[in-house]
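Worksheet: one structure, shown below.
There are 2 protein chains.
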Amino acid sequence: MRNSQRRGGPPSIVEVARAAGVSTATAGRVLGGYGQASAASRTKVEEAAQRLGYRPNGLARSLIHGSTETVGVIVTDIGNSFFASAVRAVTDVVRAAGYEILLANTDSDPAAEQRALTVMWEKRVDGLVIAPQGPGTAERLRTMAEAGLPTVLLDRPLAALPQVDQVTINNTACARSAVAHLTRLGHRRIAVVSEAARDLDRLRDAPVRDGDDERPSAARLVGYLAALRRAGIDPDPALVVHSPYDRDAAERAVRRLLRRNPDVTALFCTDNVLSSGAVAALQDSGRVCPDEISLVGFDDQDWTTLVRPRLTVVRQPRRELGAAAGRKLLERMAERARSRAGTASAEPGDGDRTDTGAAEAAGNGREAVDLPAGERVVLRGRLITRDSTGPAPRPSGPTPLAAEPSGTMSNRRAPGSPSGEDEEDSA
Amino acid sequence: MRNSQRRGGPPSIVEVARAAGVSTATAGRVLGGYGQASAASRTKVEEAAQRLGYRPNGLARSLIHGSTETVGVIVTDIGNSFFASAVRAVTDVVRAAGYEILLANTDSDPAAEQRALTVMWEKRVDGLVIAPQGPGTAERLRTMAEAGLPTVLLDRPLAALPQVDQVTINNTACARSAVAHLTRLGHRRIAVVSEAARDLDRLRDAPVRDGDDERPSAARLVGYLAALRRAGIDPDPALVVHSPYDRDAAERAVRRLLRRNPDVTALFCTDNVLSSGAVAALQDSGRVCPDEISLVGFDDQDWTTLVRPRLTVVRQPRRELGAAAGRKLLERMAERARSRAGTASAEPGDGDRTDTGAAEAAGNGREAVDLPAGERVVLRGRLITRDSTGPAPRPSGPTPLAAEPSGTMSNRRAPGSPSGEDEEDSA
DNA sequence: ATGAAAGCGCTAACAA
DNA sequence: TTGTTAGCGCTTTCAT
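Protein chains in written order, with this note's numbering: chain S, 1 to 427; chain X, 1001 to 1427.
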């Protein structure tokens, strides 16, 4: 009873063919736009398809072609404005090439990430953009990449995956530049709010270099440490406060910090939601910014110019990050399509080794494409100097003779930025 | 040469079966978790699958089962924090039930929306959540819904689609409540920034009721007009300023408004990005808020409590909106699954009419499920009174004798809200 | 418990 | 130009 009874689903091509009085092959030819068909059958088929409300079944088509015109996107939280922007950009780029987006959130949960990867794999996405969580992911990703899935890492590098393209931001340099800005202003008690505070000890000895294996929060913490070192300041663990990516948690953390360490004169936030929590805490603390305490935020969101004082921030190219990842992915997918097309005759630059040890060694006895080394794109963020950072206040005690110039107690600008905002490179 | 040569793709079940020395049927049984298999073959198959890195092909599975475990989500812009939150909530709800998300942005472009719908259709999503653009979409959506695709409208009602579930917010009531708050404070020259300003003439006579056919921006404009009418104020078209959903455009629009109409004492923004543009323009204008001009924003974002004065806003339950849509969709999909399961024997509450006129009349000669009337869920937003709204200033001219009480010129609170923020219902 | 075979909806050789 | 047929990878009778 193939295709004879209606089963509730949409009409298939055989129903259209029957209605049009032609074979499924001809129906396919006109509806799929391949091969040739006479004008007569063309109209008959089109009319029938129209009447029945026919839409081709992409699943069947994909099953044959081996491609789904879909790319997977895995991030921690699409509700976070950073990823919302980045994903939007990825979408725009790949959609222009005809690809749709299968989206998954992991909430930084490795198990959720594993599940997401499995799903993407089973749904046979043509490519993958992922902001990976941890080293545990690397192995799985390598397996998938070696099995031929074009993959691009977004926002977080993975040293264990040199075969894979990685698009990131120079987080360490950005953070270093932000904190150097503070030390230059004379600050010495500089606190940082970070999701990676727990890794402090490990990061003390980490190389000061971007594009390695650290997640963004850790990379930024490394930058913080580097800037302190450069200024001859010994990092005080009490000033490295941990907070998860949650505004209220950040607010509480900063409040506690200020209570316990009233001598802190500057604060560096390593993420947009941490920044917003810190601003709230600062406002609540009654300490005036930047006179009593300076603040550098991360991620140049709209509201950072709306609050007073306007926030000095590290701006990261969120959309460009997503767009770059999308473009890289398109490249890789194109390459792969090309190589698959020519796969029957000869592998480019590689004879017809059918079952050499190399492939076996890759783990699963199947053709493990040895990929050209993955490219690393490191986009540059930069420090935007605005009004929330100013010279370090005199240490408490008897007021020194060289008093502050009068009339500048509020809304003071950072020195060297006479008007508006000032951009500072962070290379 | 079925499955014999490796074609670069992942291993199929026949390769696993061969490697395990069993038939594809048994391999399927153990790998798919259906039917029975002896412990012996089970281990053999599992071992082989493991070794080959086998992952079932979801496409083939879907082709058979007729379901993809995927729901489509179509919004205007996932980069907009409103949709980012809502989509996140949808994702969480449906993912818990095992569904993935196929995401598309339309940028309010009807053509893009049509394309997105086509794609979702061809990819055979099991359900659809959509923030529709316009009446043009309704027909297409109806076709799809009648063809059996569970569909839920998000954020924007469509009167032409009574068969479909709709989850929206009481936009008109919210806006009315916001503007009533202003009139109660004595404001009479109240401007509004809206994406729907061009529809002003049409909306003058629109019924003051939520859940009809207006898009959110229009519904809010209707609420604005209603509140003015109630207060006996004749709406001045010059105070209804248009702006697209773009922060800078909104800022320019408000700046122009204030230049041309210096007598405006209050401003109502109908969207989060418009709010942020308005705040910027206000700050730039040098007019002090709320003493010289009051402001009500829309959408309670984090930054609205960070700026000074803290913004009075209409809070809308963004996440709950998405969650409700997700839940409704799950319900519908479950219903449909149930009815499809029983379709071979008997339709529930409907004899086996095979080809009655009713189905034919639906347009395409196929089974047009006549759906139970769609449900409407209207979630309630509410006004949060904070510091950006205050009594209307005295009209300019000679200062009247009844002077302002001294010492309250800045950061004044709205009357009736002695401490913190005040919630006001908007039913 | 297992295997052979049909079939989901479509595309692609191959014949006619 | 058109129809016949095999087959994508899997599930599912139906025999055995």
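We put the CB at the ideal spot given by N, CA and C, even for glycine.
Discussion item. Rounded to the nearest angstrom, what separates Leu1161(X) and Phe298(S) at their Cα positions?
Written reply: 45 Å
Practice prompt. With distances taken Cα to Cα, identify the nearest neighbour of Pro1262(X) among Leu1282(X), Thr1312(X), Gly1277(X) and Ser1388(X).
Written response: Leu1282(X)
Fill in: Nearest-angstrom beta carbon gap, Glu69(S) and Asp126(S) [assumed within contact, 8 Å]
7 Å
Discussion item. Run through chain S and tell me which residues come within less than 7 Å of Asp1302(X), C-beta to C-beta.
Written reply: Arg247 and Ser276
Worksheet item: Distance, Cα to Cα, Asp199(S) vs Ala206(S)?
Response: 11 Å
Practice prompt. Taking Ile1169(X) as part of the beta strand (DSSP E), name the residues at either end of that continuous run.
Written response: Asp1165 to Ile1169
Fill in: Interface residues of chain S facing Ser1081(X) [CB-CB closer than 9 Å]
Gly79, Ser81 and Ala84
Fill in: Sufficient close CB pairs (3 or more, under 8 Å) joining the segment 243-253 of chain S to the segment 156-173 of chain S
no
Worksheet item: Should the segment 1096-1106 of chain X be called in touch with the segment 1124-1143 of chain X, which here means at least 3 C-beta pairs below 8 Å?
Response: yes
Worksheet item: From Arg260(S) to Ala196(S), what distance separates their C-alpha atoms?
Response: 20 Å
Worksheet item: Using CA coordinates, which residue listed in Ala1159(X), Thr1389(X) and Gly1286(X) is at the minimum distance from Leu1258(X)?
Response: Gly1286(X)
Worksheet item: Of all Cβ atoms in chain S, is any one closer than 9 Å to the Cβ of Ile1101(X)?
Response: yes
Worksheet entry | Same chain, Cβ closer than 6 Å to Arg220(S), neighbours up to 5 away in sequence not counted | Asn171, Ala175 and Thr270
Fill in: Proximity winner among Val377(S), Arg394(S) and Ala392(S), relative to Pro157(S) (alpha-carbon distances)
Val377(S)
Discussion item. Give me, in chain order, the residues of the same chain whose beta-carbon lies closer than 8 Å to that of Leu1379(X); leave out the 5 immediate sequence neighbours on both sides.
Written reply: Val1167, Thr1168, Ile1169, Asn1170, Gln1316, Pro1317, Glu1320, Leu1321 and Ala1324
Worksheet item: Less than 9 Å separating the beta-carbons of Ala1278(X) and Val1193(X)?
Response: yes
Worksheet item: Would you say Ala46(S) faces chain X, with C-beta separation under 9 Å as the test?
Response: With the sequence shown as reference, residue 46(S) is identified as Glu, and Ala is not the correct amino acid for it. With 9 Å as the cut-off, Glu46(S) does not count as an interface residue toward chain X.
Practice prompt. Identify each residue in the segment 281-302 of chain S for which the Cβ-Cβ distance to at least one residue of chain X is less than 8 Å, and report them in chain order.
Written response: Gln283, Gln301 and Asp302
Discussion item. Run through chain S and tell me which residues come within less than 7 Å of Gly1058(X), C-beta to C-beta.
Written reply: Glu122, Lys123 and Arg124
Item to complete: Using a Cβ-Cβ cut-off of less than 7 Å, give me the residues of the segment 307-334 of chain S that come near chain X, in sequence order.
Response: Val307 and Arg308
Worksheet item: So is Thr1270(X) in contact with chain S if we call contact Cβ pairs under 9 Å?
Response: no
Discussion item. Nearest by alpha-carbon distance to Ser217(S): which of Leu203(S), Pro290(S) and Cys289(S) is it?
Written reply: Leu203(S)
Worksheet entry | Selection from Glu1015(X), Leu1117(X) and Val1314(X) that minimises the alpha carbon distance to Leu1274(X) | Val1314(X)
Discussion item. Measuring only the C-alpha atoms, how far is Ser1294(X) from Asp1109(X)?
Written reply: 34 Å
Discussion item. If I follow the unbroken alpha helix (DSSP H) through Ile64(S), where does it start and stop?
Written reply: Gly58 to His65
Worksheet item: Alpha carbon to alpha carbon, how far is Arg255(S) from Gly98(S)?
Response: 49 Å
Item to complete: Give, in chain order, every residue of the segment 143-162 of chain S whose Cβ lies closer than 8 Å to some Cβ of chain X.
Response: Thr143, Ala147 and Gly148
Discussion item. Given a cut-off of 9 Å on the beta-carbon distance, is the pair Leu383(S) and Ala145(S) in contact?
Written reply: no
Worksheet item: If we call anything under 9 Å between Cβ atoms a contact, is Ala191(S) one with Val240(S)?
Response: yes
Worksheet item: If Arg88(S) sits next to Ile1078(X), beta carbons under 8 Å apart, how far is it from one beta carbon to the other, in whole angstroms?
Response: 5 Å
Worksheet entry | Candidates Ala86(S), Arg308(S), Leu311(S) and Leu185(S), of which the one nearest Ala392(S) by Cα | Leu185(S)
Worksheet item: Is Gly1032(X) close to chain S, meaning its C-beta is less than 9 Å from at least one C-beta of that chain?
Response: no
Worksheet item: Closest Cβ-Cβ distance between Leu1128(X) and chain S: below 9 Å?
Response: no
Worksheet entry | Contact with chain X by Gly9(S), beta-carbon distance below 9 Å | yes
Worksheet item: Where are the alpha helix (DSSP H) runs, 4 residues long or more, that stay fully inside the segment 1062-1121 of chain X, in chain order?
Response: 1081-1096
Worksheet item: Quick one: does Thr137(S) have its CB under 9 Å from some CB of chain X?
Response: no
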